[in-house]
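Colleague: From first to last, the protein sequence lines are chains A and E.
Each residue of the first sequence is one higher than the one before, starting from 339 at the first, in the working numbering.
Each residue of the second sequence is one higher than the one before, starting from -2 at the first, in the working numbering.
There's a structure below that I have some questions on.
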Amino acid sequence: MTTWTMVWLILGCAVVTWLPRVIPFILVKAVTLPAFMMRFLTYIPVCILSALVFDSLYTKGVFMTSINWLNFAAFLPTLFVAIWTKSLSKTVIVGVLTMALLRYFFA
Amino acid sequence: MAESIHTEKTFLDGIKDCIPTLLGYISIGFAFGVVGIASHLSTFEIFLLSLLIYAGAAQFIFCGLFVAGTPVSAIILTTFIVNLRHFLMALSVAPSFKNESLARNIGFGTLLTDETYGVAMTKLAQGHTLSGRWMDGLNVTAYLSWIIASVFGAFVGKWIPNPENWGLDFALTAMFVALLILNLESTPKNKLMHYLSLILYMGIAMFVLMNFLPGHLAVLISTVLVALIGVLTEK
């Protein structure tokens, strides 16, 4: 049974997810961004995508950040296939299969 | 890429350009449904989460926090921080749609995800202009696949105890790797070294920041820092 608390919780999360997605579209429509800002924004795609990759390659260690070796091991063939095939779907298939195999043998 | 750079892309083109990412949406959405059931959410709640939040990482974190009995306010705050990166993404793609109406812009923003953003920026980097119809086709296809896959995962979830064993969660990382490579491939050759050095800085920034910040905050801060370095060190 879905409680009202749950409904409000989901709605709350929906609003805080929606606002950061939509506000820039409204902002950019209203004002022209300065040239410096536009140059800054050209670096966002590569930076954010690599941040998301590093986020999965690292893990919080006991003393400091350390490498998530399982993810790192799956990352190498994934990267290779991405560079080699330049194909989203092939990269995803190889990534998932490699991870499934690694978990089967090592985890 | 035989077609002209200035060809107006249609809704159908958007659907077609979404297809390579569908495997990612479907496997992650499916895994989310399974994890949701394992976290004692109902199928209806899983449907609501995918329909209204529509953000993979945040939905998984939602499950984790919910199972741990985290207070409502803390779950909402965490969701906000996890998804704050969309602000940067939206800001960098929005100028392409300046000439579309406000309502349509709100539509583009509402359905913006890491992957549709990645696909759109790759198109831009390849020299295409983005059309509103194309973006709608891309967004709507991704959105519907996500909802259907997560509900399907919820139905099947009762019979799958350990979705992680399937490696489905890694689909997300694999997709980011592919989108990153596709983006790099389209950058001009004389700028490639600059971009590669920025990726190296990202690796260092993330490594340092993750010592004392949760991953999603480290993503946000190192992106802003390194993009700034990018502007200051460009020639």
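Backbone N, C-alpha and C define an ideal beta-carbon position, used for all residues, glycine too.
Distance check for VAL366 (chain A) and SER93 (chain E), CA to CA, integer angstroms please.
Modeller: If you number the second sequence from 1, residue 93 (chain E) lands on position 96. If you number the first sequence from 1, residue 366 (chain A) lands on position 28. C-alpha separation (whole angstroms): 10 Å.
Colleague: Residues in its own chain within less than 6 Å of GLY154 (chain E) by CB, not counting five upstream and five downstream?
Modeller: The residue given as residue 154 (chain E) occupies position 157 in the second sequence. Around GLY154 (chain E): GLY30, VAL31 and ILE34.
Colleague: Considering Cα atoms alone, identify which of E:MET86, E:PHE209 and E:GLY129 is closest to THR390 (chain A).
Modeller: Reading the first sequence from its first residue, position 52 is the one you call residue 390 (chain A). Sequence check: residue 390 (chain A) is Leu here, not Thr. That would be E:MET86, whose Cα lies nearest to the Cα of LEU390 (chain A).
Colleague: Would you report the Cα separation of ILE348 (chain A) and GLU231 (chain E), rounded to the nearest angstrom?
Modeller: Your numbering for residue 348 (chain A) matches position 10 in the first sequence. Your numbering for residue 231 (chain E) matches position 234 in the second sequence. Those two C-alpha atoms are separated by around 43 Å.
Colleague: Would a check of beta-carbon distances place LYS95 (chain E) closer than 8 Å to chain A?
Modeller: Here residue 95 (chain E) refers to the residue found at position 98 when the second sequence is read from its first residue. Taking Cβ atoms only, chain A reaches closer than 8 Å to LYS95 (chain E), which makes this a yes.
Colleague: Could you work out which residues of chain A lie near ALA91 (chain E), taking near to mean beta carbons separated by less than 7 Å?
Modeller: In the second sequence, residue 91 (chain E) corresponds to position 94, counting from 1. The contacting residues are PRO362, PHE363 and VAL366.
Colleague: List, in order along the chain, the chain A residues whose C-beta lies closer than 7 Å to that of ASP133 (chain E)?
Modeller: The count along the second sequence starts at 1 and reaches residue 133 (chain E) at position 136. Result: empty, since nearest Cβ-Cβ is about 14 Å, beyond 7 Å.
Colleague: Strictly under 8 Å for the Cβ-Cβ distance: is TYR140 (chain E) near chain A by that measure?
Modeller: Position 143 of the second sequence holds residue 140 (chain E). Not one chain A Cβ lies under 8 Å of TYR140 (chain E).
Colleague: Using beta-carbon positions only, say whether GLY399 (chain A) and ILE73 (chain E) come within less than 8 Å of one another.
Modeller: Here residue 399 (chain A) is taken as the residue at index 61 of the first sequence, counted from 1. Here residue 73 (chain E) is taken as the residue at index 76 of the second sequence, counted from 1. No. Outside cutoff.
Colleague: Any C-beta of chain A sitting closer than 8 Å to the C-beta of ALA171 (chain E)?
Modeller: One-based indexing of the second sequence puts residue 171 (chain E) at position 174. For ALA171 (chain E), the answer is yes, since a Cβ of chain A falls inside 8 Å of its Cβ.
Colleague: Measure from the C-beta of TRP143 (chain E) to each C-beta in chain A and report whether the shortest distance is under 8 Å.
Modeller: Taking the first residue of the second sequence as position 1, residue 143 (chain E) is located at position 146. Not an interface residue.
Colleague: Kindly indicate which residue of E:PRO68, E:LYS13, E:PRO17 and E:ILE16 has the alpha-carbon position closest to the one of THR343 (chain A).
Modeller: In the first sequence, residue 343 (chain A) corresponds to position 5, counting from 1. Nearest option by C-alpha distance: E:PRO68.
Colleague: Is any beta-carbon of chain E found at less than 8 Å from that of LEU414 (chain A)?
Modeller: Indexing the first sequence from 1 puts residue 414 (chain A) at position 76. Output row for LEU414 (chain A): interface = no.
Colleague: Is there at least one Cβ from chain E nearer than 8 Å to ALA411 (chain A)'s Cβ?
Modeller: Looking up residue 411 (chain A) in the first sequence gives position 73. Answer no: the Cβ-Cβ gap between ALA411 (chain A) and chain E never drops below 8 Å.
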